[in-house]
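Note sheet for the following structure.
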Amino acid sequence: MGTPLRGRLVVQPPSPNPFNPRVVVRFVTPTAQPGRVDVYDLAGRRVRTLLHDPSLPAGPHQLIWDGTDRRNASVSSGVYIFRVQSGAEAVTMKVTLLR
Numbered sequence: 000m001g002t003p004l005r006g007r008l009v010v011q012p013p014s015p016n017p018f019n020p021r022v023v024v025r026f027v028t029p030t031a032q033p034g035r036v037d038v039y040d041l042a043g044r045r046v047r048t049l050l051h052d053p054s055l056p057a058g059p060h061q062l063i064w065d066g067t068d069r070r071n072a073s074v075s076s077g078v079y080i081f082r083v084q085s086g087a088e089a090v091t092m093k094v095t096l097l098r
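Letter 44 of the sequence shown, counting from 1, is numbered 43 in numbering that gives the first Met the number 0, and no numbers are missing.
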């Protein structure tokens, strides 16, 4: 995975995409700062929070989403949006879940 460019958040495309049963999102944070990763449906509803850390360390990170919501119930097939946030920066990427 690359290093942050000029102190910027770097997010790799989630893989595999489409996915079943799991998808991995990898990212690099340039400095220690608050970090958050959420999954949204296309209606904008937050489906799951994968990470909420008030002091996420600098460096590479990897998270896995298993296609479940915050109650651990399986979500439907469809397109979902990852939102990776580090400090004031945020990157969004789409993933497709095929059941």
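Idealized CB from N, CA, C, for every residue including glycine.
Helix, strand or coil: which one does DSSP assign to residue i?
i          : result
residue 6  : coil
residue 76 : coil
residue 70 : coil
residue 88 : strand
I believe residue i touches residue j by the beta-carbon criterion, under 8 Å. Please report the beta-carbon distance rounded to the nearest angstrom.
i          : j          : result
residue 40 : residue 46 : 6 Å
residue 59 : residue 25 : 7 Å
residue 72 : residue 54 : Their Cβ separation, rounded to whole angstroms, is 30 Å, which puts residue 72 and residue 54 out of contact at 8 Å.
Use the C-beta contact count for residue i: other C-beta atoms within 10 angstroms, 16 or more gives buried, fewer gives exposed.
i         : result
residue 2 : Residue placement at residue 2 is flagged as unreliable, the pLDDT there being 49, under the threshold of 50; the coordinate-derived value follows with that caveat. Label assigned to residue 2: exposed.
State the Cα-Cα distance for the pair residue i and residue j, rounded to the nearest angstrom.
i          : j          : result
residue 20 : residue 90 : 23 Å
residue 79 : residue 94 : 5 Å
residue 97 : residue 76 : 5 Å
residue 63 : residue 23 : 5 Å
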